[in-house]
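Participant:
Protein chains in written order, with the UniProt record's numbering: chain A, 1 to 254; chain B, 1 to 416.
#1: At 9 Å on the CB atoms, spell out the chain A contacts of residue 44 (chain B), in chain order.
#2: Identify every run of the beta strand (DSSP E) within the stretch 348-396 of chain B, keeping only runs that are complete inside it and at least 3 residues long; order them along the chain.
#3: Measure the Cβ-Cβ separation of residue 173 (chain B) and residue 204 (chain B) and say whether it is below 8 Å.
#4: Got a sec: which bits of the stretch 58-91 of chain A sit with their beta carbon under 9 Å from any beta carbon on chain B, in order along the chain?
#5: To the nearest angstrom, report how far apart residue 180 (chain A) and residue 233 (chain A) are at their CA atoms.
#6: Among residues of its own chain, excluding the 5 on either side of residue 154 (chain B), which ones have a beta-carbon nearer than 6 Å to its beta-carbon?
#7: Opposite residue 148 (chain A) in the DSSP bridges: which residues?
#8: What did DSSP end up calling residue 304 (chain B) once you bin it into helix, strand or coil?
#9: How about residue 191 (chain A): is its C-beta nearer than 8 Å to some C-beta of chain B?
#10: Given that a residue counts as buried once 16 or more other Cβ atoms are within 10 Å of its Cβ, and exposed if not, what is residue 406 (chain B)?
#11: Would you mind telling me which residues of chain B sit closer than 8 Å to residue 32 (chain A), beta carbon to beta carbon, in chain order?
#12: Using the Cβ count rule (16 or more neighbours within 10 Å means buried), how would you classify residue 152 (chain B)?
#13: Do you know how far the Cα of residue 39 (chain A) is from the Cα of residue 191 (chain B)?
#14: Got a sec: is the Cβ-Cβ distance from residue 47 (chain B) to anything in chain A below 8 Å?
#15: Give the residues of chain A in contact with residue 51 (chain B), contact being defined as C-beta atoms less than 9 Å apart.
#16: Rounded to whole angstroms, what's the CA-CA distance from residue 135 (chain B) to residue 323 (chain B)? Just pull it up for me.
#17: Show which residues of chain A have a CB atom less than 8 Å away from the CB atom of residue 54 (chain B).
#18: For the beta strand (DSSP E) containing residue 195 (chain A), list its first residue and its last residue.
#19: Pull out every residue of the stretch 56-84 of chain B whose Cβ sits closer than 8 Å to any Cβ of chain A, in chain order.
#20: Tell me the rounded alpha-carbon separation between residue 32 (chain B) and residue 289 (chain B).
#21: Return yes when the Cβ of residue 194 (chain A) is within less than 8 Å of the Cβ of residue 340 (chain B), no when it is not.
#22: Check whether the Cβ atoms of residue 265 (chain A) and residue 174 (chain A) sit closer than 8 Å, and answer yes or no.
#23: Do residue 352 (chain B) and residue 280 (chain B) have their beta-carbon atoms positioned less than 8 Å apart in this structure?
#24: Kindly list the residues whose CB is nearer than 7 Å to the CB of residue 349 (chain B), restricted to its own chain and excluding five residues on each side of it in sequence; keep chain order.
#25: Looking only at its own chain, which residues have a Cβ that is under 6 Å from the Cβ of residue 41 (chain A), when we skip the five neighbours before and after it?
#26: I'd like to know whether the C-beta atoms of residue 41 (chain B) and residue 192 (chain A) end up nearer to each other than 8 Å.
#27: In the DSSP output, which residue or residues are listed as bridge partners for residue 181 (chain A)?
#28: I think residue 109 (chain B) touches residue 300 (chain B), with their Cβ atoms under 8 Å apart; what is that distance to the nearest whole Å?
#29: Tell me whether the stretch 214-225 of chain B and the stretch 175-193 of chain B touch, counting them as touching only if at least three CB pairs, one residue from each stretch, are closer than 8 Å.
#30: Would DSSP call residue 270 (chain B) helix, strand or coil?
#31: Taking just the CA atoms, how far does residue 142 (chain B) sit from residue 231 (chain B)?
#32: Can you tell me whether residue 243 (chain A) is buried or exposed, with buried defined as 16 or more other CB within 10 angstroms of its CB?
#33: Might you give, ordered along the chain, the residues of its own chain that have their beta carbon closer than 7 Å to the beta carbon of residue 164 (chain B), omitting 5 neighbours on each side?
#34: Measuring alpha carbon to alpha carbon, tell me which of A:99, A:223, A:45 ends up nearest residue 80 (chain A).
#35: Is it buried or exposed, residue 157 (chain B), if we count other Cβ atoms within 10 angstroms and call 16 or more buried?
#36: With DSSP as the reference, please indicate the residues paired to residue 162 (chain A) in a beta bridge.
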């Protein structure tokens, strides 16, 4: 059965922070802003730790790509029950342009290097909302994927995954090794406990560079401009239905 | 994602805001850079703090009004906290505690207090009792009581104050007469937090002469014949913990339940209180932090004279003063915690200074936050009034702020 699970965890701006766009419109302000683990990544870590507790998996490895600060995020994963961490060092301009394509190349390379049998990721990150890394990783490895997972069970060497899709719930069976992405209702992440936070200090985090994995982190995308959404403008009252139709036609809505 | 956050921002600042949103804003982990309580902490301490903030926001804050209004002792929520290690934060791990430092403890209680001051304050008293048994008890006593206290399978109360001895604690009258292998207790304790609902009572009583040297410390279990309780007091705040008189009538307690030696009780009580004072001050910090954020959010929302309150320079200055006093208080408490855990000679005075300064300042901060809310601040739908009511008593218990001045003055004048 699956021996090793890789869990990707991303350090993002905390969900409760009020986001501000940089004055030069090149991105959002991240300096001095509170960051924490992407909520969907927390759900992914929880699922991996649950599998370990059920003895279906032997080792949970937490992976994060970024500068020195992402070690905090890896430590949180360790405090939740991951066994060890891998910090893929990406900083400066490379980090600003790091996206799903590069991360999935890194995850695929690590999966081969660590001989992982399962990769669990959050379905998307709350900063860029890309929802691509899991799918791209599976494609690069030519592994089956169970995305938007709301329930995962092991049945006779295969994974049964219930997926939340627009039409409802879809149940699929996929072979291992595979890539899963966690959706909101997959589980409720546990609190770390004080003893576990202290034990996490002793768990190892290994540093790796993308070049060591043979991955080129150059971005194929260029962000041209970041803007706030338009301010909500006041509504207009109309007297008759004809006026309403007229206004809607004016606005190009009908 | 920027869209979602901006929509949230617009909701927060629109004038049609519902009351529940104001009430809930304290549950979002407050992010105001200059008063960020994680500044200067180690990575590990930040993890502890994050855990405590998350627990406070998810498990306590949604219920704090109900616990206050229905006077509910939240056993389930506290046991959940104990599972995370909050039952015996500075008790040694060999008997089930978390073995953390006083500074770690202060950080944790400060964060938990944002969720409910009253419940956190009780938890700090419980922690203090568990520590006293862990530190001054023998092996049998530690193994008998500490594991259950750390898991909050059992709850504890600290019994020092009596109807006729509050600040003059050493004049206590509850007697414990030695009779073969047990003490017979007679007397009563007043204002005992948790009294009647808790299981383990750490009782200071008189085994010898008048004054502090005649006082010993006994652990009395609920259900012991001769142990009874007065009526539940009706209080202005701290309503999530019951307060009752604890009455001893020929109550027999085995000698094996005595912590430390005869005559050591007062010293044990005072050593417990040093840490207790840091904890209570930390609880005041949490309330003040939450109140500053509530006041700030309200100022962004409420409009008068054609603009938001946040445009008023007077209120901007008031908020700045509140923030400054909050940060100054926080630094003093954390310094006192470090002094205590390092066993520095100035620890007792510093703990007293911290308790005195911080409980006074933080009450003032919460009170000003209420004023900033205007009429809404007086309504129980809004959390700020509960913070004010709950922290008011911190200036009184664990040694009144007047007694704190006595301790500090004595330290100054004895040297000269």
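Glycine included, each C-beta is placed from N, C-alpha and C at the ideal position. The structure displayed is predicted, hence computed values, not measured ones.
Facilitator: Short version:
#1: On the second chain, position 44 is the one that residue 44 (chain B) refers to. Near residue 44 (chain B) (Cβ distances below 9 Å), the residues of chain A are 75, 197, 198, 200, 201.
#2: Listed in chain order, nothing qualifies, since the stretch 348-396 of chain B has no complete beta strand (DSSP E) run of 3 or more residues.
#3: Mapped onto the second chain, residue 173 (chain B) falls at position 173. Mapped onto the second chain, residue 204 (chain B) falls at position 204. Taking 8 Å as the Cβ cut-off, residue 173 (chain B) and residue 204 (chain B) do not qualify as a contacting pair.
#4: 71, 72, 75, 76, 79
#5: For the purposes of this step, residue 180 (chain A) is identified with residue 180 of the first chain, where counting begins at 1. For the purposes of this step, residue 233 (chain A) is identified with residue 233 of the first chain, where counting begins at 1. Each residue's alpha carbon lies about 42 Å from the other.
#6: Here residue 154 (chain B) corresponds to residue number 154 of the second chain, with the count starting at 1. Closer than 6 Å at the Cβ level, and outside the excluded window around residue 154 (chain B), lie 148, 199, 200.
#7: Here the question's residue 148 (chain A) lines up with position 148 in the first chain. DSSP, once it has assigned bridges, lists no residue as partnering residue 148 (chain A).
#8: By 1-based counting over the second chain, the position of residue 304 (chain B) is 304. Three-state DSSP puts residue 304 (chain B) in a strand.
#9: The residue you call residue 191 (chain A) lines up with position 191 of the first chain. So, interface residue.
#10: The residue labelled residue 406 (chain B) in the question sits at position 406 within the second chain. Around the Cβ of residue 406 (chain B), a 10 Å sphere holds fewer than 16 other Cβ atoms; the residue is exposed.
#11: Translated into the one-based positions of the first chain, residue 32 (chain A) becomes position 32. In chain order: 33.
#12: By 1-based counting over the second chain, the position of residue 152 (chain B) is 152. By the neighbour-count rule (16 or more Cβ atoms within 10 Å), residue 152 (chain B) is buried.
#13: Reading the second chain from its first residue, position 191 is the one you call residue 191 (chain B). Reading the first chain from its first residue, position 39 is the one you call residue 39 (chain A). Going from the Cα of residue 191 (chain B) to the Cα of residue 39 (chain A) covers about 44 Å.
#14: In the second chain, residue 47 (chain B) corresponds to position 47, counting from 1. Output row for residue 47 (chain B): interface = yes.
#15: The residue you call residue 51 (chain B) lines up with position 51 of the second chain. For residue 51 (chain B), the C-beta contacts it makes with chain A under 9 Å involve 79, 191, 192, 193, 194, 197, in order along the chain.
#16: Here residue 135 (chain B) refers to the residue found at position 135 of the second chain. Here residue 323 (chain B) refers to the residue found at position 323 of the second chain. About 37 Å.
#17: Mapped onto the second chain, residue 54 (chain B) falls at position 54. Chain A residues near residue 54 (chain B): 191.
#18: On the first chain, residue 195 (chain A) is found 195 positions in, with the first residue counted as 1. From DSSP, residue 195 (chain A) is part of no beta strand (DSSP E) but of the alpha helix (DSSP H) over 194-200.
#19: 83, 84
#20: For the purposes of this step, residue 32 (chain B) is identified with residue 32 of the second chain, where counting begins at 1. For the purposes of this step, residue 289 (chain B) is identified with residue 289 of the second chain, where counting begins at 1. So the two alpha carbons sit approximately 10 Å from each other.
#21: Counting from 1 along the second chain, the entry for residue 340 (chain B) is found at position 340. Counting from 1 along the first chain, the entry for residue 194 (chain A) is found at position 194. Contact flag unset, no.
#22: In this structure chain A extends from 1 to 254, so residue 265 (chain A) is not present and cannot be described.
#23: Translated into positions along the second chain, residue 280 (chain B) becomes position 280. Translated into positions along the second chain, residue 352 (chain B) becomes position 352. Taking 8 Å as the Cβ cut-off, residue 280 (chain B) and residue 352 (chain B) do not qualify as a contacting pair.
#24: What you label residue 349 (chain B) is simply residue 349 of the second chain in a count that begins at 1. Closer than 7 Å at Cβ, skipping near neighbours: 407, 408, 411.
#25: Translated into the one-based positions of the first chain, residue 41 (chain A) becomes position 41. Cβ neighbours of residue 41 (chain A) beyond the five flanking positions: 9, 10, 122.
#26: In the second chain, residue 41 (chain B) corresponds to position 41, counting from 1. In the first chain, residue 192 (chain A) corresponds to position 192, counting from 1. Taking 8 Å as the Cβ cut-off, residue 41 (chain B) and residue 192 (chain A) do not qualify as a contacting pair.
#27: As a working mapping, residue 181 (chain A) is identified with position 181 in the first chain. Per DSSP, A:121.
#28: Residue numbering aside, residue 109 (chain B) sits at position 109 when the second chain is read from its first letter. Residue numbering aside, residue 300 (chain B) sits at position 300 when the second chain is read from its first letter. Between residue 300 (chain B) and residue 109 (chain B) the Cβ distance is about 29 Å, and since that is not below 8 Å, they are no contact.
#29: As far as the Cβ criterion goes, the stretch 214-225 of chain B touches the stretch 175-193 of chain B, which means the pair count is three or higher.
#30: Residue numbering aside, residue 270 (chain B) sits at position 270 when the second chain is read from its first letter. Helix.
#31: Start at 1 with the first residue of the second chain, and residue 231 (chain B) comes out as number 231. Start at 1 with the first residue of the second chain, and residue 142 (chain B) comes out as number 142. Going by the C-alpha atoms only, they are around 31 Å apart.
#32: Here residue 243 (chain A) is taken as the residue at index 243 of the first chain, counted from 1. Per the 10 Å Cβ criterion, exposed.
#33: Taking the second chain and counting its residues from 1, the one referred to as residue 164 (chain B) is at position 164. The answer, listed in chain order, is 173.
#34: Indexing the first chain from 1 puts residue 80 (chain A) at position 80. Residue A:45 is the option with its Cα nearest to residue 80 (chain A).
#35: Position 157 of the second chain, counted from the start, is the residue given in the question as residue 157 (chain B). Buried, by the Cβ-count rule.
#36: To locate residue 162 (chain A), count along the first chain from 1; it is residue 162. Residue 162 (chain A) pairs with A:151, A:171.
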